[in-house]
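Down below is the structure, laid out as C-alpha cells.
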Amino acid sequence: MDELNEQRQQRIKKLDLLREAGIAPYGSRFEVKDRAGQLLKQHGEKPKDTLEQEKISCTIAGRVVALRRFGKAGFAVLQDGADRLQVYLKKDHLSEQAYTVVEQLDLGDWIGVTGTLFRTKTNEFTVEVHQLTFLSKALRPLPEKWHGLTDVETRYRQRYVDLIANPQVHQIFSTRSRIIAGIRAFLIERGFLEVETPMMHPIPGGAAAKPFVTHHNALGVDLYLRIAPELYLKRLIVGGFPRVFEINRNFRNEGISTIHNPEFTMLEFYVSYADYQDLIALTEELVSSLAQQLLGKTVIPYQGKDIVLTPPWRRWSYHQAILEVNALDPSVLQDREKALAAAQRLHVPVDPKASLFTIINEIFEETVEPNLQQPTFITDYPIDISPLARRKDSDATLTDRFELFIAGREIANAFSELNDPLDQRERFEGQAVQREAGDDEAHLVDEDFLRALEYGMPPTAGEGIGIDRLIMLFTDQASIRDVVLFPQLRPEKP
RNA sequence: GAGCCGGUAGCUCAGUCGGUAGAGCAUCGCCCUUUUAAGGCGAGGGUCCUGGGUUCGAGUCCCAGCCGGCUCACCA
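When we follow the numbering used here, the leftmost residue of the first sequence carries the number 641, and every step to the right adds one.
In C-alpha cells form, the structure reads like this:
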C-alpha cells in the first residue's frame, strides 16, 4: 500500500481541492440522455460541415480513460460501456467551477458532460463540452495506457481493473451474457419452462463427482452443493411439466484447470415424449443458430483452427469410434484381457485390475477424445458408465445416450432418460457396489427420486450443456478463467 | 499432487561476470486553447515475493516456502 501512497495521496489532495471549490467528489444522480455508442452510430459518420450545421446537443457520462491537456484546454476520452468517445474541454466554454474540475481531473475519474458534437482538425468525432459534472473520484491509478493490464493474476483477482483496461475482456463478458440470453430465448420459444431447483442437496446426485459439503445449523444436517440438477428436474417431469430447463451453477470439488472451475454454469433441459435423437437435432439447431445470430457465421475460428458448426454434425458410436481410431478387433470390447493388452499396446495407462468398461473408457478418452475437433456426437454409451440413461432396445448393454465433443472437449451429455423405477433401483445398487469397491464418485441411492419415478415419468430426453466451455468456443478463449468473471484462486494474503 | 516457467516503481518491462537498482508510461512542478501512445524542460517514487544460507558484498548464487501461469495427474 505504501508504494501506492504517492499517487493516492495526490488524488486525495485533489479530492480536497474539489470539496473546497464546492464540488462533491462523490456525486449523486446524473441525468444521462445519450450513450456514446448510440451517438457514434447515429452521427459518427457525418462530415464536419453537417455536424456544424446541425449543432447536435448531447449529454453523456463515463470514465476518463485518456487525458491530453495543454494550457487552457484539453481532450479527454470517456469510456461509456464498450464505447469510447472523445470530449473537448476548453476553458472558454466552461464555467470557472467546471474548469477547476478539469484542472483536478485524473485518469479513472467519472464525469458527466453536456455539449455539442463536432469534428476536430484531425477529423475526430468529439463532444465540445459546455457543462461538466464531476461524478466520482478514482484514488488509484489506471494501468498503463498502451500495454494495459497483462499480469494474469491481477487480471483475475481484480477483474474490475481488467475490465477497465482491456476492452476485449469487456467484449467477452458481453458476449457471454448474450449467449445465455440467446439460449434462454431459444428454449422459451420452444415451450420450455425455466425453473430453479435446489443448490443444496441432502444427497449429491445426477453426476459422478466429489461434492462440496456444508452444514445447516438449524436443521442440524450436512448438505452438499449440487453437482448436477438432473434428479430434481426429472422430479418436475414426473410432476407434469412437459419441458423444463435450468441455467445455473454446479459445484464439483475437483481440480482446477483451463477447462475446469470448481463452480461452473450448466444448462440442463428435459423434453417429455422425446428421445436422444431428437436432442441431437435440437442441439445442432441451438448451437448453430446461436453462432449465426451472435457471430454471423457457422464456421468459427477457435485457437487457430476453423470449427464447422454448420449442421449436420458427425454421429459416431462409442464402440465404433474406439475400434476405428485404433484399428482394433471388436472382440476387445468383450474380453477384459484383450482390452488390457490393447490398452498397453496403445500406451494408455490403466490399472491392471480395472474392469472391462473402465479399460475401454480409458482407451476412449485417451485415443478418441483428442481427435474430436469438429463437432461430433458420440452415441450409444455402455450402460456401466450411464446409470441414469435408458437401455437401447436393440442392445441391453448400451444406452440411448450421446455426448457432444467440440475442439476435443466434452460440451454436452444427453440421453433418453431411464424412467423404469425398478431398473433405476438396480442401477443405483450397482453404483453402490462400485462405491464399496472404492469408487467414491459412484452415484448414491436417492430413495425420494426412486419414489418419484414410481409415480410414473413419461418417456423423456434430457441434456446438459457446459455453458462455460461453449462460451470459450464462441469467444475463442483457451482458458475457462477467461470466460468466468471471478475464477477461483487461492485467497490473497492479507 | 508432480514437472517447467515467472514474481524488480502504480502499469509494461530491462538489469551483463555477484560490486551504489534502470527505462517508458503514470505521478509532481513549469510552459502550451484542436490533441489522440500530444509535446518541451525539470523532479520525486523500490520490502527487487517471503525467510534462511554462501560471500567483504546478493535483484543476481544455494536452500526452504508463498502466489500465479502452462503441461501432466485428477475430473466418465
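Built from N, CA and C at the ideal position, the CB exists for glycine as well.
If you're wondering where the values come from, they're calculated on a predicted model, not measured in any experiment.
So what's residue i in DSSP terms, helix, strand or just coil?
i     : result
S995  : coil
Y739  : helix
Q974  : coil
K695  : coil
I1000 : helix
K681  : helix
D1079 : coil
N1059 : coil
H856  : strand
R675  : coil
A713  : strand
D642  : The predicted position of D642 is uncertain, since its pLDDT is 41 and thus under 50; a value taken from the coordinates is nonetheless stated next. Here D642 sits in helix by DSSP.
N763  : coil
V1124 : coil
Q719  : strand
V835  : coil
Nearest-angstrom Cα distance between residue i and residue j?
i     : j     : result
G702  : L876  : 46 Å
R883  : F832  : 5 Å
L1058 : E1009 : 26 Å
E903  : N890  : 6 Å
D723  : G677  : 5 Å
E694  : T756  : 9 Å
L779  : Q744  : 12 Å
G684  : R648  : 36 Å
P851  : G1070 : 20 Å
P1020 : A994  : Sequence inspection shows Asp at residue 1020; the Pro mentioned does not correspond to that position. Spanning the two alpha carbons is a distance of roughly 22 Å.
I1046 : E768  : 50 Å
L679  : H855  : 53 Å
C698  : L718  : 14 Å
D1035 : G1048 : 28 Å
M641  : G1106 : Its pLDDT being 34, under 50, M641 is placed unreliably in this model, and the value from its coordinates should be taken loosely. So the two alpha carbons sit approximately 40 Å from each other.
P1098 : F881  : 11 Å
Q1128 : A981  : 40 Å
L907  : L772  : 46 Å
G1104 : E1050 : 11 Å
G1102 : R954  : 20 Å
I789  : R797  : The residue you asked about is not Ile; residue 789 is Leu in the sequence shown. Going by the C-alpha atoms only, they are around 12 Å apart.
W786  : I812  : 20 Å
E1043 : R1031 : 16 Å
S817  : H810  : 11 Å
Y728  : G714  : 6 Å
Y872  : Y958  : 28 Å
Should residue i go down as buried or exposed, given a rule of 16 or more other Cβ atoms within 10 Å for buried?
i     : result
W750  : buried
Y913  : exposed
L775  : buried
I828  : exposed
Y666  : exposed
P989  : exposed
T690  : exposed
V911  : buried
F1068 : buried
P687  : exposed
What span of residues does the beta strand (DSSP E) with residue i cover, start to end?
i    : result
D862 : V861 to L865
D946 : K945 to V948
H810 : That residue, H810, is in no beta strand (DSSP E); its alpha helix (DSSP H) goes P807 to E829.
Y910 : E903 to S912
Can you tell me which of the options puts its alpha carbon nearest to the alpha carbon of residue i?
i     : options                       : result
T1037 : S928, L996 and E685           : L996
E1094 : L1110, Q1064, V1073 and A1072 : Q1064
A1082 : D1024, D1035 and D802         : D1024
L863  : H841, A848, A849 and L871     : H841
R866  : G822, N857 and R892           : R892
A825  : L926, D791, P781 and Q917     : L926
K874  : N857, D1040, A858 and G845    : G845
Taking residue i as part of the alpha helix (DSSP H), name the residues at either end of that continuous run.
i     : result
Q960  : Y958 to N966
G1102 : Counting along the chain, G1102 falls outside any alpha helix (DSSP H), though it belongs to the beta strand (DSSP E) covering T1100 to G1106.
S897  : Taken as a continuous stretch (DSSP letters only), S897 belongs to no alpha helix (DSSP H), as it is neither H nor E.
I877  : E870 to V878
D723  : No alpha helix (DSSP H) contains D723, which is instead part of the beta strand (DSSP E) from D723 to K730.
Y796  : V792 to R797
Y942  : No alpha helix (DSSP H) holds Y942; the beta strand (DSSP E) holding it covers V939 to Y942.
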